[in-house]
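This note's numbering puts the first residue of the sequence shown at -7, with every later residue one more than the last.
Ideal Cβ placement from N, Cα and C applies to all residues, glycine included.
In what follows, a single structure is set out as structure tokens and then discussed.
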Amino acid sequence: MSNCDLLDKCGFFQKHQKSSWAACQGFIIPYCQGPKMDDCQRQAYRKKHGGPPPDDLLPSGQMLKT
Ligand code: SF4
């Protein structure tokens, strides 16, 4: 399985890729590097708004609560 084409410029991935928080890894593995990539709501946001979403928008479409 290949990686998402947006890895290098994705704020969520860049911010959370080294996170030890399991939930972030739980998104990165299935979405950014796995079979749910095409369901990523961050990609959908980019298409709809023509620009990047907030870093804390999760691939599922919910906002990460910090
Ligand atoms: S969060 Fe979505 S847009 Fe960002 S790298 Fe992962 S799959 Fe790609």
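Environment of residue i [buried if 16+ CB atoms lie within 10 Å]
{"i": "H41", "result": "exposed"}
{"i": "I21", "result": "exposed"}
Pair within 8 Å by beta-carbon distance, residue i and residue j
{"i": "H8", "j": "C16", "result": "yes"}
{"i": "M4", "j": "R38", "result": "First, the residue type needs correcting, since residue 4 is Phe and not Met in the sequence shown. No, the pair does not count as a contact, with Cβ atoms beyond the cut-off."}
{"i": "C32", "j": "P51", "result": "yes"}
Backbone secondary structure at residue i - three-state DSSP
{"i": "L49", "result": "strand"}
Neighbour flag for residue i against chain B, beta carbons, 8 Å
{"i": "P51", "result": "Of the protein chains in this structure there is only one, and it is not chain B."}
6 Å CB neighbourhood of residue i in its chain, flanking five on each side removed
{"i": "L56", "result": "D48 and L50"}
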